[in-house]
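**Student:**
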Amino acid sequence: MKKKILVSILVVITFVGCKKGNKAEEISSSNEDSAKVNLKEIREITKEAYIYGFPLVDNTRIQYAYFVDKQNPEYKAPWNTIRNIPRVFTSEDKAVQTPNSDTPYSWIGLDLRSEPVIFIIPPIEKNRYWSLQLIDLYTYNFAYLGSRATGNGGGAFMLTGPHWKGDMPKGITKVIQCETDIALGIIRTQLFNAGDLKNVEKIQKNYVIKTLSAYLGKPAPPQAKPLDFVKPLTPEEQKKSLEFFNNLNFALQFCPVHPSEKDLRGRFAKIGIQEGKVFNPASLSPEVKNAMDEGIKDAWAEMADLKKKVVTGEVSSGDGFGTREFLKNNYLFRMSGAFLGIYGNSKEEAIYPTYYVDAKGEKLNGKNRYILKFPPGQLPPANSFWSITMYDQPASLLVANSLNRYLLNSTMLAQFKKDADGGLTFFFQTDSPGKDKESNWLPSPKGDFALIMRLYWPKEAALNGTWKQPQLVKI
3 MKKKILVSIL VVITFVGCKK GNKAEEISSS NEDSAKVNLK EIREITKEAY IYGFPLVDNT
63 RIQYAYFVDK QNPEYKAPWN TIRNIPRVFT SEDKAVQTPN SDTPYSWIGL DLRSEPVIFI
123 IPPIEKNRYW SLQLIDLYTY NFAYLGSRAT GNGGGAFMLT GPHWKGDMPK GITKVIQCET
183 DIALGIIRTQ LFNAGDLKNV EKIQKNYVIK TLSAYLGKPA PPQAKPLDFV KPLTPEEQKK
243 SLEFFNNLNF ALQFCPVHPS EKDLRGRFAK IGIQEGKVFN PASLSPEVKN AMDEGIKDAW
303 AEMADLKKKV VTGEVSSGDG FGTREFLKNN YLFRMSGAFL GIYGNSKEEA IYPTYYVDAK
363 GEKLNGKNRY ILKFPPGQLP PANSFWSITM YDQPASLLVA NSLNRYLLNS TMLAQFKKDA
423 DGGLTFFFQT DSPGKDKESN WLPSPKGDFA LIMRLYWPKE AALNGTWKQP QLVKI
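Per our numbering, the sequence shown starts with residue 3, numbered consecutively.
#1: Following the continuous beta strand (DSSP E) through Gln179, name the residue where it begins and the one where it ends.
#2: Just to confirm my understanding: we take Pro101, look at its own chain, exclude 5 residues before and 5 after, and list those with CB closer than 7 Å. What are they?
#3: Is it buried or exposed for Leu58, if we count other Cβ within 10 angstroms and need 16 for buried?
#4: Please specify which runs of the alpha helix (DSSP H), each continuous and at least 4 residues long, are wholly inside the region 308-350, giving them in chain order.
#5: Give a yes or no on contact between the region 342-354 and the region 275-293, applying the rule of three or more CB pairs nearer than 8 Å.
#6: For a quick check, are the C-beta atoms of Trp132 and Gly111 less than 8 Å apart?
#7: On the three-pair Cβ rule with 8 Å, is the region 377-386 touching the region 167-185?
#8: Round the Cβ separation of Ala253 and Thr48 to the nearest angstrom and send it over; I've been treating them as touching at under 8 Å.
#9: Could you check if Gln225 is buried or exposed, using at least 16 other CB atoms within 10 Å of its CB as the buried criterion?
#10: Out of curiosity, what's the CA-to-CA distance linking Met337 and Pro261?
#11: Rounding to the nearest angstrom, what Cα-Cα distance links Lys72 and Tyr66 in this structure?
#12: To which residues does DSSP link Asp138 through a beta bridge?
#13: Can Pro88 and Gln206 be called in contact, C-beta distance under 8 Å?
#14: Report the three-state DSSP secondary structure of Asp421 (helix, strand or coil).
#15: Which same chain residues, not among the five before or five after Ser319, have their C-beta less than 6 Å away from its C-beta?
#16: DSSP puts Trp459 in a beta bridge; with which residues?
#17: Roughly how far, in whole angstroms, is the beta-carbon of Ser488 from the beta-carbon of Phe418, given that I think they are within contact range, below 8 Å?
#18: For Asn411, which of helix, strand or coil comes out of DSSP?
#19: Terminal residues of the continuous beta strand (DSSP E) containing Tyr393?
#20: Quick check: the Cα distance between Leu444 and Lys420, rounded to an integer number of angstroms?
#21: Taking its Cβ as the centre, do 16 or more other Cβ atoms sit within 10 Å of Lys233, making it buried, or is it exposed?
#22: Give me the Cβ distance between Leu134 and Gly187, rounded to the nearest whole Å; I'm assuming they're in contact under 8 Å.
#23: Can you name the start and end residues of the alpha helix (DSSP H) that Ser215 belongs to?
#24: So who's on the other strand from Val210, going by DSSP bridges?
#25: Output the boundary residues of the beta strand (DSSP E) element that contains Thr427.
#26: Check whether the region 234-253 and the region 281-296 are in contact - that is, three or more C-beta pairs closer than 8 Å.
#27: In three-state DSSP terms, what is Glu34?
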C-alpha cells in the first residue's frame, strides 16, 4: 500500500459495551492504546491472544454445557454441586475430546466468587486409585487431592478463590487457593471391572462439597450475581470466528491479572481484548478483520508444528498440563494440552504416551492392521494402573464398535492371552484378528485414529525415560 496505515487513520475500531458497568464503553481511534497499532502488529497480537486464550474459551464452552445449559445433554449439575456419574465414558459422550474411559467421573463446577467451598472426602481402600484434579479457568492443574497427593485416608479440604482472606476453620485438613474465580473439579475413582461399579457408586455418594458458611453452620455471605455466560461457539467456530475474542473477554473477567502477565494483557487491550468488554467483529474494517483472521491462522500453524513434535515424541503430550510454575507461561504448550486433550493430568499424576503414527511414521488408519508388543517384564510402569484407549481422528472421540470396548488396561490382565515368551501382543484393526486373539483386540474405526496410553501415578522409570513405549507396527 502507498502509505503507512495506522488503525487510527484507517478505521475506527469499536468494541461496544462493558459487562462490568451500566454504560456502554467504546474504544475508538482516539484511544491511546489503539492508536499507532498497524496491521502487522494487529496480526501478531491476534496470534498471541488466540494461543493464550484458546484454553479459556474451550474451557468455558465445556463449563457452559456442563453447569449452565440445562437443555444440553451434557449438563451435569448447578455450580458447587457434585455430579457423580457411576459409569465410564462411551462413544455417546461428545463434549470433551480424548476422554478417559477407565475411571467413573465426578464433576464439580466451582464458582468461588462469594465464598470458599469445602471438599469432604471419605476414607478409600488403599489399593483403589482416586484423584481430585483442580483446574482453573486457564486450564492450569493448580492442585491435586488423591492417592498420590494426599493419600486415601480422607479429610476436609478448603478451596478459596483469588480474593478471599480469612483463617482456616477447625477440622480443615488443608487450604488451597485458586487463581481464578471460576474453576473445575474432576474426581476419578478407579473401576476394577464391571462388577465393581456398585462399589464405586457407594464411594461417589460419600464425596461431599459444602460452602464454607454451610460447613460452619452460619448464614451465607452476600452472593455474587448469577453468571451471565455469552453464547459459546462450537469447536469448529472457535477455530476461525473472530467472535472467539468476545468469548475470551467474557472469560478474562474471572481471571485477575497475574503479575507476570501485566504487560501481555496490556498488549492485548490494544486491539480490544480486555476483561469484561464486548468485542464486536462487525465493527472492524475489512483490513483489520483480515489481519486478525491471518493471526488466527498463524496460531493454528504454530499449533500444527507443535503437534508434529508431539507425534514424533520430541515433545511429550504431558508437557501441556500442569501448574503455572511448571509451564512457565508457555502458552503454546498450554494450548496444545487443551486442544489435544483438555483436562489432562499433570505428569506426576498421569502420563500419556501417544500413537498418532506407526513405527514408519505413517498415520494410523483403519484400512490397516497394527500390533503393539510388550516383552516380558516391560509392561507400562505405573504405581496404580495403565490403559490404552482408541480415538477417532480428528474428532478425538471414543470409537463405537461391536465389542463395546474402548480400551485395554491393566485391570484386564487376567483375560489377556499371553505370548509364548510371556509377553503381551495387542491387536488394533477394524475386523477381528481371529477368535483366539479377540481378548487382546481393540477395534479401530474405518478412517484415521489414534491411540493414547495412560499411566496413572507413573513410576520413576516412566518419568525419567528409562522405560520406553514400544512401537506400533503395521502388519
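Beta carbons: idealized from backbone N, C-alpha and C, even for Gly. As the structure is a prediction and not an experimental result, all values here were calculated from the model.
**Tutor:** Straight from the coordinates:
#1: Gln179: member of the beta strand (DSSP E) spanning 176-179, first to last residue.
#2: Taking Pro101 as the centre and dropping the five residues before and after it, the same chain places the C-beta of Phe91, Asp95, Leu400 closer than 7 Å to its C-beta, in chain order.
#3: Counting Cβ neighbours within 10 Å, Leu58 comes out buried, since at least 16 surround it.
#4: Listed in chain order, the complete alpha helix (DSSP H) runs (minimum 4 residues) inside the region 308-350 are 326-329, 333-343.
#5: Counting Cβ pairs under 8 Å, fewer than three are found: no touch.
#6: In this structure, Gly111 does not lie closer than 8 Å to Trp132 by Cβ.
#7: The region 377-386 vs the region 167-185: no contact.
#8: Here Ala253 is actually not in contact with Thr48; their C-beta atoms are around 17 Å apart, not less than 8 Å.
#9: Exposed is the label assigned to Gln225, since fewer than 16 other Cβ atoms lie within 10 Å of its Cβ.
#10: Each residue's Cα considered, the two are about 21 Å apart.
#11: Between Lys72 and Tyr66, the C-alpha separation is close to 9 Å.
#12: Under DSSP, the beta-bridge partners assigned to Asp138 are Ala185.
#13: Here Pro88 is near Gln206, since their CB atoms are less than 8 Å apart.
#14: In the three-state scheme derived from DSSP, where H, G and I count as helix and E and B as strand, Asp421 is classed as coil.
#15: Excluding positions up to five away in sequence, the list reads Val312, Tyr354, Thr356.
#16: Checking the DSSP bridge columns, you'll see Trp459 has no partner listed.
#17: Since the first residue shown for the chain is 3 and the last is 477, residue 488 is missing from the structure and cannot be characterised.
#18: The answer is strand: DSSP assigns Asn411 an E or B state.
#19: Segment 384-394, the beta strand (DSSP E) holding Tyr393.
#20: Our two residues, Leu444 and Lys420, have alpha carbons roughly 16 Å apart in a direct line.
#21: It counts as exposed.
#22: So it is a contact: roughly 6 Å between Cβ atoms.
#23: Per DSSP, Ser215 belongs to the alpha helix (DSSP H) from 214-218.
#24: In the DSSP output, where bridge partners are listed per residue, Val210 has Ile122.
#25: 426-431 is the extent of the beta strand (DSSP E) around Thr427.
#26: The answer is yes - the region 281-296 touches the region 234-253, with three or more Cβ pairs under 8 Å.
#27: The predicted position of Glu34 is uncertain, since its pLDDT is 41 and thus under 50; a value taken from the coordinates is nonetheless stated next. The answer is coil: DSSP assigns Glu34 none of H, G, I, E or B.
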